[in-house]
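Participant:
Residue numbers (the numbering used here), protein chains in the order written: chain D, 7 to 138; chain U, 84 to 440.
1. For residue 356/U, decide whether its Cβ has a neighbour in chain D, counting only Cβ atoms nearer than 8 Å.
2. For my contact list, residue 145/U and residue 175/U are in at a C-beta cut-off of 8 Å; report their separation, rounded to the angstrom.
3. Where residue 69/D and residue 421/U are concerned, what is the direct C-alpha to C-alpha distance, given to the nearest angstrom?
4. I want to verify the contact list: residues of chain D whose CB lies under 8 Å from the CB of residue 360/U, in sequence order.
5. Give, in chain order, every residue of the stretch 44 to 70 of chain D whose Cβ lies closer than 9 Å to some Cβ of chain U.
6. Assign residue 142/U to one of three DSSP states: helix, strand, or coil.
7. By Cβ distance below 7 Å, which residues in the same chain neighbour residue 131/D in space, the five residues on each side in sequence not counted?
8. Our contact map puts residue 219/U next to residue 231/U with C-beta atoms below 8 Å; I'd like the distance itself, whole angstroms only.
9. Quick check: is the beta carbon of residue 121/D nearer than 8 Å to any beta carbon in chain U?
10. Here's the rule: buried if 16 or more other CB atoms are within 10 angstroms of the residue's CB, otherwise exposed. What is residue 179/U?
11. Between residue 190/U and residue 143/U, which are expected to be in contact by the criterion C-beta below 8 Å, what is the C-beta distance as a whole number of angstroms?
12. Using only the alpha-carbon positions, how far apart do residue 128/D and residue 48/D sit?
13. In or out: residue 89/U buried (at least 16 other Cβ within 10 Å) or exposed?
14. What residues from chain D crowd round residue 259/U, counting only those whose CB sits closer than 9 Å?
15. Tell me where the beta strand (DSSP E) around residue 253/U begins and ends.
16. Determine whether the Cβ of residue 136/D lies closer than 8 Å to any Cβ atom of chain U.
17. Residue 331/U and residue 296/U: beta carbons closer than 8 Å?
18. Which bits of chain U does residue 127/D rub up against, with CB to CB less than 9 Å?
19. Counting C-beta neighbours from all protein chains within 10 Å, is the total for residue 310/U 16 or more, i.e. buried, or is it exposed?
20. Run through chain U and tell me which residues come within less than 7 Å of residue 104/D, C-beta to C-beta.
21. Do we get a CB-CB distance below 8 Å when we pair residue 353/U with the residues of chain D?
22. Check for me: the beta strand (DSSP E) holding residue 166/U runs from which residue to which?
23. Answer yes or no: do residue 367/U and residue 379/U have a C-beta to C-beta separation smaller than 8 Å?
24. Leaving out five residues before and five after residue 284/U in sequence, what residues of the same chain have Cβ atoms less than 8 Å from its Cβ?
25. Which same chain residues, not among the five before or five after residue 348/U, have their C-beta less than 6 Å away from its C-beta?
26. Would you decide whether residue 136/U is buried or exposed? Buried here means 16 or more other CB atoms lie within 10 Å of its CB.
27. So what does residue 322/U bridge to, in DSSP terms?
28. Does the beta carbon of residue 131/D come closer than 8 Å to any beta carbon on chain U?
29. Would residue 258/U pass as a contact of residue 66/D if the rule is Cβ separation under 8 Å?
30. I need the DSSP call for residue 42/D, collapsed to helix, strand or coil.
31. Distance cutoff 8 Å, beta carbons only. Does residue 92/D sit that close to anything in chain U?
32. Within 10 angstroms of its Cβ, does residue 432/U collect 16 or more other Cβ (buried), or is it exposed?
33. Check residue 394/U in the structure and name its three-state DSSP category.
34. Does the beta carbon of residue 227/D sit closer than 8 Å to a beta carbon anywhere in chain U?
35. Give me the Cβ distance between residue 413/U and residue 337/U, rounded to the nearest whole Å; I'm assuming they're in contact under 8 Å.
36. I want to verify the contact list: residues of chain U whose CB lies under 7 Å from the CB of residue 86/D, in sequence order.
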């Protein structure tokens, strides 16, 4: 009897829509998209303001609309780094050199924002890691 | 001539061999009959000198302009004059214009300047004009009529009434991809002046027109664009031989519209992507254009440079001096009636780095 009750409770829990991980609504999707868009918007502000550097140079000076950044090609071999590198490593290269700033950790919210903006501007382009 | 030789390579080869065995092309007097002579001038553009604060400036951009000036001064035979194609400064500040002007002052020969939007939108060209004079003008040289236009003007509403401060106006126009910017135009007043100026010139006289923005419409989103381009072109089309040379785009571009051959010039500061690489815009570059190589960001001066411009029979050959790349030569082909790259025009001979995506 006890075993039967546990099974019943378990099945009720499993069948309840609120606890099924693959159930989400358009409201959820809109919220998640909104979260992404707000981070990408922050990325656009950093991209155009020069705030991640020290000399006033902004990413957008060379990369209007984040063009010529090719996020879909990472990770890829960078001959100058002598290894397969990720997109954030190239972002840091630009922050350190043309922008004369300090490299950001890979999971720094500013780096996430910059990478989100780059990808947003590249939306729809097929992934092609390793491409040159 | 199958192998094009740069003056620099000739000088180097001549120095190595102890004698000049081949004449550089700019010294070869080809087909310029009558009273006109062939000649060359140098073209430096888009240095974007940027003040950090006080006496400190962005080193990278300084080095581009310094290098162009130094190299242009080494060329022999000396060019007839030097053009600077605009955007001497980044944010139009007196300090930036003064710092850039100081570097340009080391150039040998007469200097003519074109106004860029980065020179203009802080004080509407006032300080620039103190240094370099009128914002549009013409002159004649060896049988060619030269016209310099200020093509980066825009509407009165945007210029005078939209922004609370001059600094903000400058910043809004300085962002290439900023949707708050405004399309460039030559404007009615200057077009009237141009019509009058050209009215005094024979239709057989070759014309070379300098503007900062392209006098053709390429991509409005980045202001690779002049809003009244067609109206300006209409004034130029009656002339048999017309060349337009523009800066602003920081890349090799060329095109032919009717009688008008177009050549863009490189920046000394940094290169720009071709507009068709922006995935969210349906932009196109002129189909004639074989792009410059994709820039290698690890080489600070890659995809920047300056130009030697040869004028033969009133037509322009732009010799792109690319610092970390092979020279590119784009000249008018009288047989085809349009500018072509002397080496890479055919798709089959193009190189992988010339593919942009």
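Where is the CB? At the ideal position from N, CA and C, for every residue including glycine.
Facilitator: The answer reads as follows:
1. Residue 356/U counts as touching chain D.
2. Actually they do not touch by this definition, with Cβ atoms about 17 Å apart.
3. Cα to Cα, the separation comes out at about 31 Å.
4. Residues of chain D passing the Cβ test: 73 and 74.
5. Correct list: 54, 60, 61, 62, 63, 64, 66, 67, 68, 69 and 70.
6. In this structure, residue 142/U counts as helix in the three-state DSSP scheme.
7. Cβ within range, chain order: 78.
8. A Cβ-Cβ separation of about 6 Å places residue 219/U in contact with residue 231/U under the 8 Å criterion.
9. With its beta carbon at least 8 Å from every one in chain U, residue 121/D lies outside the interface.
10. Flag for residue 179/U reads buried.
11. Between residue 190/U and residue 143/U the beta-carbon gap is near 21 Å, outside 8 Å, which marks them as no contact.
12. Their backbone Cα atoms lie some 16 Å apart in a straight line.
13. With a pLDDT of only 44 at residue 89/U, under 50, the local geometry of the prediction cannot be trusted, and the value read off the model is given with reservation. Buried is the call here.
14. Chain-ordered, the chain D residues with CB closer than 9 Å to the CB of residue 259/U read 66, 67, 70 and 71.
15. Premise fails: residue 253/U lies in the alpha helix (DSSP H), 249 to 257, not in any beta strand (DSSP E).
16. Chain U, which has no Cβ nearer than 8 Å to the Cβ of residue 136/D, makes this no.
17. Yes.
18. Ordered by position in chain U, the residues that pass the 9 Å Cβ test against residue 127/D are 361, 362 and 363.
19. Looking at its Cβ environment, which holds 16 or more other Cβ atoms inside 10 Å, residue 310/U is buried.
20. Within chain U, 143 have C-beta atoms less than 7 Å from the C-beta of residue 104/D, given in sequence order.
21. Chain D has a Cβ within less than 8 Å of the Cβ of residue 353/U.
22. In the DSSP assignment, residue 166/U falls within the unbroken beta strand (DSSP E) covering 165 to 167.
23. Against a cut-off of 8 Å, the Cβ pair of residue 379/U and residue 367/U comes out as no contact.
24. 228, 290 and 322, listed in sequence order.
25. Close CB contacts of residue 348/U within its chain, under the 6 Å cut and outside five residues either way in sequence, are with 126, 128, 168, 330 and 390 (chain order).
26. With fewer than 16 other Cβ atoms from the protein chains shown falling within 10 Å of its own Cβ, residue 136/U counts as exposed.
27. In the DSSP output, where bridge partners are listed per residue, residue 322/U has none listed.
28. Output row for residue 131/D: interface = yes.
29. Annotated as proximal: residue 258/U and residue 66/D, with beta-carbon spacing under 8 Å.
30. Three-state DSSP puts residue 42/D in a helix.
31. Judged by the 8 Å Cβ criterion, residue 92/D is not in contact with chain U.
32. By the neighbour-count rule (16 or more Cβ atoms within 10 Å), residue 432/U is not buried but exposed.
33. Residue 394/U: strand per DSSP, three-state reduction.
34. Because residue 227/D is not part of the residues shown, which for chain D are 7 to 138, the question remains open.
35. With a Cβ gap of about 5 Å, residue 413/U and residue 337/U count as contacting.
36. The contacting residues are 381.
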